[in-house]
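Q:
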Amino acid sequence: MKQIITNVRNKTPLIHCITNYVTVNDVANLLLASGGSPIMADDSLEVEEITSICNGLTINIGTLNTRTIESMLLAGKKANKLGKITVLDPVGAGASKLRTKTAFQLLDEIDFSVIRGNISEIKTLYQGSASTKGVDANISDMVTEENVSKAIELAKQLSKQTKAIIAITGAIDIVANENQVYLIRNGHPMMSKITGTGCMLSALIAAYGAANETNLLEAVVSATACVGYAGELAYKKMLELKAGTSTLRMCLIDEVSLMTDESLKEGMKVEIR
Amino acid sequence: MKQIITNVRNKTPLIHCITNYVTVNDVANLLLASGGSPIMADDSLEVEEITSICNGLTINIGTLNTRTIESMLLAGKKANKLGKITVLDPVGAGASKLRTKTAFQLLDEIDFSVIRGNISEIKTLYQGSASTKGVDANISDMVTEENVSKAIELAKQLSKQTKAIIAITGAIDIVANENQVYLIRNGHPMMSKITGTGCMLSALIAAYGAANETNLLEAVVSATACVGYAGELAYKKMLELKAGTSTLRMCLIDEVSLMTDESLKEGMKVEIR
Amino acid sequence: MKQIITNVRNKTPLIHCITNYVTVNDVANLLLASGGSPIMADDSLEVEEITSICNGLTINIGTLNTRTIESMLLAGKKANKLGKITVLDPVGAGASKLRTKTAFQLLDEIDFSVIRGNISEIKTLYQGSASTKGVDANISDMVTEENVSKAIELAKQLSKQTKAIIAITGAIDIVANENQVYLIRNGHPMMSKITGTGCMLSALIAAYGAANETNLLEAVVSATACVGYAGELAYKKMLELKAGTSTLRMCLIDEVSLMTDESLKEGMKVEIR
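Chains as they are written, first to last, in our numbering: chain A, 41 to 313; chain B, 41 to 313; chain C, 41 to 313.
1) Using a Cβ-Cβ cut-off of 8 Å, state whether residue 104 of chain C counts as contacting chain A.
2) Which residues of chain B have a Cβ atom closer than 7 Å to the Cβ of residue 175 of chain A, listed in chain order?
3) For chain B, check one thing: does any of its Cβ atoms lie closer than 8 Å to the Cβ of residue 136 of chain A?
4) Write down the C-beta distance between residue 182 of chain A and residue 210 of chain A rounded to the nearest angstrom, noting that I regard them as a contact closer than 8 Å.
5) Sort out for me which residues DSSP pairs residue 222 of chain C with in a bridge.
6) Closer than 7 Å, Cβ to any Cβ of chain C: which residues of the stretch 281-292 of chain B, in chain order?
7) Could you name each continuous alpha helix (DSSP H) segment of 4 residues or more that falls completely within the stretch 77-149 of chain C, going from the start of the chain to the end?
8) Taking 8 Å as the threshold (beta carbon to beta carbon), is residue 63 of chain A in contact with chain B?
9) Take residue 107 of chain B as the anchor and find which of C:84, C:155, C:88 has the nearest alpha-carbon.
10) On the CB-based measure, 16 or more other CB atoms within 10 Å of its CB, does residue 229 of chain B come out buried or exposed?
11) Quick test of your reading: residue 55 of chain C and residue 258 of chain C, contact by CB under 8 Å. State the CB separation rounded to the nearest angstrom.
12) Quick one: what does DSSP say residue 236 of chain B is sitting in, helix, strand or coil?
13) Can you look up residue 176 of chain B in the DSSP assignment and give me helix, strand or coil?
14) Within the continuous alpha helix (DSSP H) that includes residue 67 of chain B, where are the two ends?
15) Count the CB pairs spanning the stretch 91-100 of chain B and the stretch 112-132 of chain B that are closer than 8 Å, and state whether there are at least three.
16) Starting from the beta carbon of residue 68 of chain A, find every residue of chain C whose beta carbon is closer than 7 Å, and list them in chain order.
17) Name the residues in the stretch 238-251 of chain A whose C-beta lies less than 8 Å from a C-beta of chain C; which are they?
18) Could you check whether the Cβ of residue 85 of chain C sits closer than 8 Å to any Cβ belonging to chain B?
19) Using the beta-carbon of each residue, which ones in chain C are nearer than 8 Å to residue 297 of chain A?
20) Measure from the C-beta of residue 73 of chain B to each C-beta in chain A and report whether the shortest distance is under 8 Å.
21) Beta-carbon within less than 6 Å of residue 290 of chain B's beta-carbon, same chain only, minus the 5 sequence neighbours each way: which residues are those?
22) Starting from the C-beta of residue 202 of chain C, find all residues in its chain whose C-beta is less than 7 Å away, skip the five residues before and the five after it, and write them out in chain order.
23) Could you check the C-alpha separation between residue 198 of chain C and residue 312 of chain C for me, to the nearest Å?
24) What is the residue span of the alpha helix (DSSP H) that residue 273 of chain C lies within?
25) What is the DSSP secondary structure of residue 250 of chain C, counted as helix, strand or coil?
26) Does the Cβ-Cβ distance between residue 224 of chain B and residue 66 of chain B come in under 8 Å?
27) Between residue 179 of chain C and chain B, is any beta-carbon pair separated by less than 8 Å?
28) Under DSSP, the beta strand (DSSP E) around residue 207 of chain A begins and ends at which residues?
29) Could you pull the start and end residues of the alpha helix (DSSP H) that residue 307 of chain B belongs to?
30) Does residue 154 of chain A come out as helix, strand or coil in the three-state DSSP assignment?
31) Just mark residue 226 of chain A as buried or exposed, buried being the case when its beta carbon has 16 or more other beta carbons within 10 Å.
32) Quick one: list the residues of chain A neighbouring residue 89 of chain B, beta-carbon separation under 7 Å, in chain order.
33) Tell me whether the beta-carbon of residue 89 of chain B lies closer than 8 Å to the beta-carbon of residue 42 of chain A.
34) Exposed or buried, residue 174 of chain C, counting other C-beta atoms within 10 Å across all chains shown (16 or more means buried)?
35) Any Cβ of chain B within less than 8 Å of the Cβ of residue 294 of chain C?
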């Protein structure tokens with residue numbers, strides 16, 4: 041995985057983000073920090089054109105509405121037609137009928153390269169329902185060392201069904217396609233006390249993927265490890281400064297901006313299953 | 041008030057926020073910092089369902105539009121039906137007919153547990169009009185030690201009318217119901233140089249209230265004192281670092297994430313009137 | 041230019057921002073940091089009224105949609121009728137037909153006091169097309185010491201056509217009307233690794249302009265130099281702290297909050313052409 045970040049910094053992939061208005065600024069800044077470049081556009085009159093000039097598309101349903109759902113569908117289909125990398129972040133799938141239905145409609149009409157969600161969201165996509173509590177994973181769903189095999193199986197099955205790489209993120213992150221599985225043990229529990237780490241990761245996956253198209257699975261693993269490792273480093277800095285969660289958020293983006301292939305290689309805790 | 045923050049951290053109240061896109065990220069991060077959990081959803085097709093899975097609802101009209109006003113009404117009525125705590129933040133009421141009219145419509149159709157605004161906004165709600173200058177309180181309205189009795193009377197009258205707890209925030213904060221009044225003298229003038237302190241407080245009130253339902257008035261007082269005291273601590277840190285207002289904003293959220301019932305008790309300046 | 045910042049701090053100009061949801065929080069915080077005051081409102085039912093109570097209007101098409109385009113037109117015409125300062129930030133003009141068409145429609149129906157964009161956006165406004173890559177300037181367009189005369193000519197021509205002051209920002213910033221030209225060599229390349237510097241500057245120009253109406257050209261030059269110089273100081277601080285791009289973003293707003301006419305005078309690198 042030596043070249044993945046270098047490729048992002050050299051190619052400056054432009055990522056079209058149709059994403060929620062809660063974490064959109066963090067998403068834009070993280071893409072820039074990584075070496076990519078963001079463009080946000082959600083009007084149906086322009087999304088196809090914007091996707092056309094981009095290297096990748098990330099669709100995040102965090103604050104979906106009737107108007108933007110139409111734009112998501114248009115942009116996704118265009119990206120498919122042009123062979124661009126597409127990432128789905130099904131925020132809160134399972135928490136409302138609208139979110140679940142929209143996630144399924146997106147899966148129906150668009151071929152996604154990667155789907156990233158927490159365990160409850162991914163369960164919803166596979167089973168059609170789950171006990172999603174808002175936008176966080178339900179505690180009864182949490183991936184632990186004990187039940188990780190079940191979650192791996194889920195990821196592989198959903199990958200088989202959708203042909204997408206599946207990233208289930210949480211205490212242990214799982215990145216899998218139908219046949220290959222990576223477990224990533226980076227990150228820190230305190231990261232759950234800031235909003236946007238998932239949204240940022242989904243966009244980062246699009247950037248890493250767009251700059252490493254022939255190596256997509258490794259790109260997704262690297263992006264996932266990068267955000268986790270950046271979170272660890274940020275947590276250390278937060279402690280040193282005797283600071284709180286807003287400092288953690290700032291330092292996380294800082295660390296992504298400072299990350300190199302070398303430093304990530306040193307810090308990433310990846311197991312091939 | 042010893043247990044209020046501990047209760048929030050133990051119960052992780054999930055708060056449905058229909059709020060403006062200016063400060064929404066700060067609102068989400070502050071809720072997480074406090075021990076609560078945010079979910080933002082504003083489409084009429086899902087707001088009732090989202091409110092149903094939440095412990096509280098905050099409605100903030102800071103960037104209202106025709107689409108979201110409908111969602112506010114639906115969510116608020118649902119919250120009332122289910123007996124969930126509801127907070128109204130009438131941002132800019134008085135600054136446009138749309139805002140004033142919407143604020144009154146919300147008051148008409150929804151029973152709010154708490155209404156929080158600056159003095160100009162609260163005057164508008166009580167009198168039907170005031171000299172609101174944008175989203176900040178008009179200088180001629182400012183609550184000072186000299187005119188505080190008038191503002192207290194206003195809070196009590198509006199509480200009588202609406203059955204809500206009223207929080208008027210500014211240099212001196214007033215929290216009152218029909219019969220009881222608290223004055224809070226925490227905070228720092230520099231806090232007016234960052235956006236979102238009011239929006240954050242309104243959401244925090246929902247979280248504190250949801251985790252302390254049998255003790256709602258004290259919860260509102262604590263949340264108000266918490267943001268004010270966090271602002272004081274953040275201001276000190278800003279000076280130490282010879283930094284500016286963006287550092288103040290970060291440190292404010294930091295301090296809420298570090299706040300305990302013990303530290304708040306030491307720092308809060310609350311007078312019972 | 042001695043009094044320009046002091047005037048902003050004394051007059052607290054209220055700026056109506058119809059702007060994108062990506063950088064809106066930074067825009068609000070920067071306006072407050074500068075001594076101004078922001079109000080965001082984008083519903084067609086209230087924008088004229090909001091513009092009426094404000095001292096200036098900034099229109100930014102970064103995440104435009106059919107609903108907000110109508111509001112931009114209404115607000116702009118009202119501002120013209122009332123003689124208020126108006127700023128256009130044509131984010132991504134040239135990147136989609138919708139953006140290009142909307143920018144032209146705004147230019148057609150509204151007289152702008154100032155238009156600020158990167159070189160690709162400004163080329164689009166003048167020529168009707170350009171090679172805009174997303175929301176960043178195309179590398180082939182970049183203003184350098186070698187081609188700066190061409191860019192100056194472009195600015196003067198567009199100013200002649202529109203009667204607006206033109207600010208083309210990039211490695212070298214150009215501020216020009218039909219007859220006068222200023223080059224500003226403040227700023228740091230790392231500023232391109234955070235989102236929102238352009239949006240923030242456009243809003244700041246409205247605040248500086250509103251507080252210095254008889255001196256508009258100098259106000260635009262000062263605002264442009266202020267953001268650039270704040271970026272330089274922020275970059276130094278970032279290096280001292282061994283931090284990354286998110287720290288840069290925070291420090292930039294910090295530095296604007298600390299800026300005085302005296303410190304800006306010392307730091308600004310302005311050449312009159």
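The C-beta atom is built at its ideal place from N, Cα and C for all residues, glycine as well.
A: Taking the coordinates as given:
1) Counting from 1 along the third sequence, the entry for residue 104 of chain C is found at position 64. It does: the Cβ of residue 104 of chain C has a partner Cβ on chain A nearer than 8 Å.
2) For the purposes of this step, residue 175 of chain A is taken as the residue at position 135 of the first sequence. Residue 175 of chain A reaches chain B at 79, counting residues in chain order whose Cβ is nearer than 7 Å.
3) For this step, residue 136 of chain A is matched to residue 96 along the first sequence. With its beta carbon less than 8 Å from one in chain B, residue 136 of chain A belongs to the interface.
4) Here residue 182 of chain A is taken as the residue at index 142 of the first sequence, counted from 1. Here residue 210 of chain A is taken as the residue at index 170 of the first sequence, counted from 1. Taking 8 Å as the upper bound for CB-CB distance, residue 182 of chain A and residue 210 of chain A are in contact here, some 6 Å apart.
5) Within the third sequence, numbered from 1, the residue matching residue 222 of chain C stands at position 182. Under DSSP, the beta-bridge partners assigned to residue 222 of chain C are C:215, C:312.
6) Answer in chain order: 283, 284, 285, 286, 287, 289, 290.
7) Taken in chain order, the unbroken stretches of alpha helix (DSSP H) that lie wholly in the stretch 77-149 of chain C and span 4 residues or more are 87-93, 106-122, 137-149.
8) For the purposes of this step, residue 63 of chain A is identified with residue 23 of the first sequence, where counting begins at 1. Under the Cβ distance rule, residue 63 of chain A counts among the residues neighbouring chain B, one pair being separated by less than 8 Å.
9) Here residue 107 of chain B corresponds to residue number 67 of the second sequence, with the count starting at 1. Cα-wise, what sits closest to residue 107 of chain B is C:84.
10) Here residue 229 of chain B is taken as the residue at index 189 of the second sequence, counted from 1. It is exposed - the Cβ of residue 229 of chain B has fewer than 16 other Cβ atoms within 10 Å.
11) Position 15 of the third sequence, counted from the start, is the residue given in the question as residue 55 of chain C. Position 218 of the third sequence, counted from the start, is the residue given in the question as residue 258 of chain C. At roughly 18 Å, the Cβ-Cβ gap does not stay under 8 Å, so residue 55 of chain C and residue 258 of chain C are not in contact.
12) The count along the second sequence starts at 1 and reaches residue 236 of chain B at position 196. When secondary structure is reduced to three states using DSSP, residue 236 of chain B falls in the coil class, being assigned neither helix nor strand.
13) Translated into positions along the second sequence, residue 176 of chain B becomes position 136. Here DSSP, grouped into helix, strand and coil, assigns residue 176 of chain B to strand.
14) By one-based count along the second sequence, residue 67 of chain B stands at place 27. Note, residue 67 of chain B: alpha helix (DSSP H), 64-74.
15) With a cut-off of 8 Å, the stretch 112-132 of chain B and the stretch 91-100 of chain B count as touching, because enough Cβ pairs lie within range.
16) Numbered from 1 along the first sequence, position 28 holds the residue referred to as residue 68 of chain A. One finds 62, 235 in chain C with Cβ atoms closer than 7 Å to the Cβ of residue 68 of chain A, taken in chain order.
17) So the list is empty, because no residue satisfies the distance condition.
18) In the third sequence, the residue the question calls residue 85 of chain C occupies position 45. Yes, its Cβ sits closer than 8 Å to a Cβ of chain B.
19) Here residue 297 of chain A refers to the residue found at position 257 of the first sequence. Those are 233, 284, 285, 286, listed as they occur along chain C.
20) Within the second sequence, residue 73 of chain B is the residue found at index 33, counting from 1. The Cβ of residue 73 of chain B sits closer than 8 Å to at least one Cβ of chain A.
21) The residue you call residue 290 of chain B lines up with position 250 of the second sequence. Here the set comprises nothing.
22) As a position in the third sequence, residue 202 of chain C is number 162, starting the count at 1. Cβ neighbours of residue 202 of chain C beyond the five flanking positions: 147, 152, 155.
23) Residue mapping note: residue 198 of chain C aligns to position 158 of the third sequence, counting from 1. Residue mapping note: residue 312 of chain C aligns to position 272 of the third sequence, counting from 1. A straight-line Cα-Cα distance of about 19 Å links residue 198 of chain C and residue 312 of chain C.
24) Counted from its first residue, the third sequence places residue 273 of chain C at position 233. From DSSP, the alpha helix (DSSP H) with residue 273 of chain C extends over 256-280.
25) Along the third sequence, one-based indexing puts residue 250 of chain C at 210. It is helical.
26) As a working note, residue 224 of chain B is residue 184 in the second sequence. As a working note, residue 66 of chain B is residue 26 in the second sequence. No, they are not a contact pair.
27) Here residue 179 of chain C refers to the residue found at position 139 when the third sequence is read from its first residue. Taking Cβ atoms only, chain B never reaches closer than 8 Å to residue 179 of chain C, which makes this a no.
28) Indexing the first sequence from 1 puts residue 207 of chain A at position 167. 205-208 is the extent of the beta strand (DSSP E) around residue 207 of chain A.
29) Looking up residue 307 of chain B in the second sequence gives position 267. From DSSP, the alpha helix (DSSP H) with residue 307 of chain B extends over 301-307.
30) Position 114 of the first sequence, counted from the first residue, corresponds to residue 154 of chain A. Assigned with DSSP and collapsed to three states, residue 154 of chain A falls in strand.
31) Looking up residue 226 of chain A in the first sequence gives position 186. Of the residues assessed, residue 226 of chain A falls on the buried side of the cut-off, its CB having 16 or more other CB atoms within 10 angstroms.
32) The sequence position of residue 89 of chain B within the second sequence is 49, counting from 1. The contacting residues are 136, 137.
33) Stepping through the second sequence from its first residue, residue 89 of chain B is reached at position 49. Stepping through the first sequence from its first residue, residue 42 of chain A is reached at position 2. The criterion of a C-beta distance shorter than 8 Å is not satisfied by residue 89 of chain B and residue 42 of chain A.
34) Sequence index remark: in the third sequence, residue 174 of chain C carries index 134 (1-based). By the C-beta density criterion, residue 174 of chain C is buried, having at least 16 other C-beta atoms within 10 angstroms.
35) Start at 1 with the first residue of the third sequence, and residue 294 of chain C comes out as number 254. Residue 294 of chain C counts as touching chain B.
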